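Trainee: Let me begin by handing over the structure; questions about it come next.
Numbering (my numbering), first residue to last: 234 to 546.
Given below as structure tokens:
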């Protein structure tokens, strides 16, 4: 029997939060444990925290639903169904929800009044393959990966043929024009910026080696891409940065690896958070942005840490 099969309390410090390098010692809290805050879904993804209402939005892709979890009451409600088979989410700097829709193959924004605006659906007149994950930069530009996850079958979207290569795009906030930001990956996935936005990290999840690369930002665009870490035979999915520049990666790799891996800015693995399910994505939230939310297969987990997430992710 595991800790998740019983209501018995966890004895601190949580043994499933592993310190692998002294740089993670001050981040792990001795009096905080991993909590399963919601369960009973099919494939959770896209956590995004809204501090004004103290709630988390996430997706259940096969159920074609946007879900909200209330941090105060613990209540779970469906916000939208159908929802275009939503995947990655974030909030922009104006507090609006930005969603990658695998089924509709569009990037959308939910306005404050609840109406939905389509931000991107085509590149140079050709339909996107399906936005996957998204971040918003401080200049309000929106960066998203487009990797065809929803057109590979009918479980996470609608089976179709890709008409464009898989890429990362930049959406201009003033003109709504799309620019190819990263075009040298087989299947770009999760992405995030460093705290000073001088680096862009992008996960690549093809059928072979699955790596995460880092790009220097030169004149506002990614350049000089190079390996940041290689977690093969496991792989990363969603990633986020904290204010110290550490990269937090949702990991699939089997028992002893499923969960979250934390990498220092130099690429060293410094810590792990082990979960009983494969982890697809994560986000920082809570009143002090020091609560890590992790979407993992059928459940959503949370853990307080002594780190704070960067805005825009």
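All C-beta atoms in this analysis are idealised placements derived from N, C-alpha and C, irrespective of residue type, glycine included. Quantities reported herein were computed from a predicted structural model and do not represent experimental measurements.
Quick one: Cα of residue 335 to Cα of residue 385, how far?
Mentor: For the purposes of this step, residue 335 is taken as residue 102 along the chain shown, with counting starting at 1. For the purposes of this step, residue 385 is taken as residue 152 along the chain shown, with counting starting at 1. Those two C-alpha atoms are separated by around 10 Å.
Trainee: May I have a chain-ordered list of the beta strand (DSSP E) segments no shorter than 3 residues that lie completely inside the stretch 296 to 338?
Mentor: Segments of the beta strand (DSSP E) lying fully in the stretch 296 to 338: 298 to 303, 309 to 313, 319 to 324, 330 to 334.
Trainee: Could you check whether residue 353 and residue 339 sit closer than 8 Å to each other, using their CB atoms as the reference points?
Mentor: Translated into the one-based positions of the chain shown, residue 339 becomes position 106. Translated into the one-based positions of the chain shown, residue 353 becomes position 120. Yes, these two residues count as a Cβ contact at 8 Å.
Trainee: How many Å lie between residue 505 and residue 368 at the Cα?
Mentor: Mapped onto the chain shown, residue 505 falls at position 272. Mapped onto the chain shown, residue 368 falls at position 135. Straight-line Cα distance between these residues: approximately 23 Å.
Trainee: Going by DSSP, what residue range makes up the beta strand (DSSP E) through residue 396?
Mentor: As a first step, residue 396 is located in the chain shown; it is residue number 163 there, counting from the start. Residue 396 -> no beta strand (DSSP E), and no H or E assigned at all.
Trainee: Quick test of the definition: if touching needs 3 or more C-beta pairs under 8 Å, does the stretch 423 to 439 touch the stretch 402 to 412?
Mentor: Contact fails: fewer than three Cβ-Cβ distances are below 8 Å.
Trainee: Quick check: what's the CA-CA separation for residue 418 versus residue 324?
Mentor: Residue mapping note: residue 418 aligns to position 185 of the chain shown, counting from 1. Residue mapping note: residue 324 aligns to position 91 of the chain shown, counting from 1. Distance between the alpha carbons of residue 418 and residue 324: 26 Å.
Trainee: Roughly how many angstroms separate the alpha carbons of residue 507 and residue 492, rounded to a whole number?
Mentor: For the purposes of this step, residue 507 is taken as the residue at position 274 of the chain shown. For the purposes of this step, residue 492 is taken as the residue at position 259 of the chain shown. The straight-line gap from Cα to Cα measures roughly 5 Å.
Trainee: Excluding five sequence neighbours on each side, which residues of the same chain lie with their C-beta closer than 6 Å to the C-beta of residue 403?
Mentor: As a first step, residue 403 must be located in the chain shown, where it is residue number 170. 374, 376, 412, 414, listed in sequence order.
Trainee: CA-CA distance, residue 343 and residue 293?
Mentor: Walking along the chain shown from the start, residue 343 turns up at place 110. Walking along the chain shown from the start, residue 293 turns up at place 60. Rounded to whole angstroms, residue 343 to residue 293 spans 17 Å at the Cα level.
Trainee: Below 8 Å CB to CB, which residues in the same chain sit around residue 487 once its five sequence neighbours on both sides are set aside?
Mentor: Position 254 of the chain shown, counted from the first residue, corresponds to residue 487. Around residue 487: 467.
Trainee: Please go through the same chain and pick out, in chain order, the residues whose beta-carbon is closer than 8 Å to the beta-carbon of residue 258, but skip the five residues on each side of it.
Mentor: Mapped onto the chain shown, residue 258 falls at position 25. Same-chain partners within the cutoff: 252.
Trainee: Which residues bound the beta strand (DSSP E) around residue 503?
Mentor: The sequence position of residue 503 within the chain shown is 270, counting from 1. Note, residue 503: beta strand (DSSP E), 502 to 507.
Trainee: What is the DSSP secondary structure of residue 236, counted as helix, strand or coil?
Mentor: On the chain shown, position 3 is the one that residue 236 refers to. The answer is helix: DSSP assigns residue 236 an H, G or I state.
Trainee: Report yes if the C-beta distance between residue 271 and residue 309 is below 8 Å; otherwise report no.
Mentor: One-based indexing of the chain shown puts residue 271 at position 38. One-based indexing of the chain shown puts residue 309 at position 76. Yes, these two residues count as a Cβ contact at 8 Å.
Trainee: Determine, using beta carbons only, whether residue 277 and residue 532 come nearer to each other than 8 Å.
Mentor: Mapped onto the chain shown, residue 277 falls at position 44. Mapped onto the chain shown, residue 532 falls at position 299. Yes, Cβ-Cβ distance for residue 277 and residue 532 is below 8 Å.
Trainee: Would you mind reading off the limits of the beta strand (DSSP E) that contains residue 473?
Mentor: In the chain shown, residue 473 corresponds to position 240, counting from 1. That run of the beta strand (DSSP E) goes 468 to 474.
Trainee: Rank 237, 503, 427, 245 by C-alpha distance to the C-alpha of residue 371 and give the top, closest one.
Mentor: Sequence index remark: in the chain shown, residue 371 carries index 138 (1-based). Nearest C-alpha to residue 371: 427.
Trainee: Check whether the Cβ atoms of residue 515 and residue 267 lie closer than 8 Å to each other.
Mentor: Here the question's residue 515 lines up with position 282 in the chain shown. Here the question's residue 267 lines up with position 34 in the chain shown. No, they are not a contact pair.
Trainee: Could you check whether residue 365 and residue 382 sit closer than 8 Å to each other, using their CB atoms as the reference points?
Mentor: Within the chain shown, numbered from 1, the residue matching residue 382 stands at position 149. Within the chain shown, numbered from 1, the residue matching residue 365 stands at position 132. Their beta carbons are under 8 Å apart, which means residue 382 touches residue 365 by this criterion.
Trainee: Please tell me whether residue 396 and residue 360 are closer than 8 Å, where the distance is taken between their beta carbons.
Mentor: Counting from 1 along the chain shown, the entry for residue 396 is found at position 163. Counting from 1 along the chain shown, the entry for residue 360 is found at position 127. Contact: yes.
Trainee: Could you name the residues of the same chain whose beta carbon sits closer than 7 Å to that of residue 350, not counting the 5 residues immediately before and after it, in chain order?
Mentor: Along the chain shown, read from residue 1 onward, the residue named residue 350 stands at position 117. Around residue 350: 341, 342, 344.
Trainee: What does a CB cutoff of less than 7 Å around residue 237 pick up in its chain, not counting 5 residues either side in sequence?
Mentor: In the chain shown, residue 237 corresponds to position 4, counting from 1. Same-chain partners within the cutoff: 269, 509.
Trainee: Between 249, 474, 287, which lies nearest to residue 542 when the distance is taken from Cα to Cα?
Mentor: Residue mapping note: residue 542 aligns to position 309 of the chain shown, counting from 1. Relative to the Cα of residue 542, the nearest Cα in the group 249, 474, 287 belongs to 474.
Trainee: In angstroms with no decimal places, state the Cα-to-Cα distance between residue 275 and residue 358.
Mentor: In the chain shown, residue 275 corresponds to position 42, counting from 1. In the chain shown, residue 358 corresponds to position 125, counting from 1. One C-alpha to the other measures close to 34 Å.
Trainee: Considering just the uninterrupted stretch of the beta strand (DSSP E) at residue 421, what are its terminal residues?
Mentor: Position 188 of the chain shown, counted from the first residue, corresponds to residue 421. Taken as a continuous stretch (DSSP letters only), the beta strand (DSSP E) holding residue 421 covers 421 to 426.
Trainee: Could you check how far apart the C-beta atoms of residue 422 and residue 380 are, in whole angstroms? I think they sit under 8 Å.
Mentor: Residue mapping note: residue 422 aligns to position 189 of the chain shown, counting from 1. Residue mapping note: residue 380 aligns to position 147 of the chain shown, counting from 1. Yes, residue 422 and residue 380 are in contact; Cβ-Cβ is about 6 Å, under 8 Å.
Trainee: Would you call the CB atoms of residue 463 and residue 444 closer than 8 Å?
Mentor: In the chain shown, residue 463 corresponds to position 230, counting from 1. In the chain shown, residue 444 corresponds to position 211, counting from 1. Yes, these two residues count as a Cβ contact at 8 Å.
Trainee: Say yes only if the C-beta of residue 321 is nearer than 7 Å to one or more non-hydrogen atoms of the ligand MN, and no if none qualify.
Mentor: No copy of the ligand MN appears in this structure; indeed no ligand is present at all.
Trainee: Could you tell me the distance, in whole angstroms, from the CA atom of residue 399 to the CA atom of residue 362?
Mentor: The residue given as residue 399 occupies position 166 in the chain shown. The residue given as residue 362 occupies position 129 in the chain shown. If you take the alpha carbons of residue 399 and residue 362, they lie about 7 Å apart.
Trainee: Taking C-beta to C-beta, are residue 256 and residue 503 nearer than 8 Å?
Mentor: The residue labelled residue 256 in the question sits at position 23 within the chain shown. The residue labelled residue 503 in the question sits at position 270 within the chain shown. In contact: residue 256 and residue 503 (Cβ atoms closer than 8 Å).
Trainee: Roughly how many whole angstroms lie between the Cα atoms of residue 451 and residue 321?
Mentor: Against the chain shown, residue 451 aligns to sequence position 218. Against the chain shown, residue 321 aligns to sequence position 88. Taking the straight line from one Cα to the other gives about 26 Å.
Trainee: Does the Cβ-Cβ distance between residue 529 and residue 513 come in under 8 Å?
Mentor: Within the chain shown, residue 529 is the residue found at index 296, counting from 1. Within the chain shown, residue 513 is the residue found at index 280, counting from 1. Yes; because the gap between Cβ atoms is below 8 Å, this pair is in contact.
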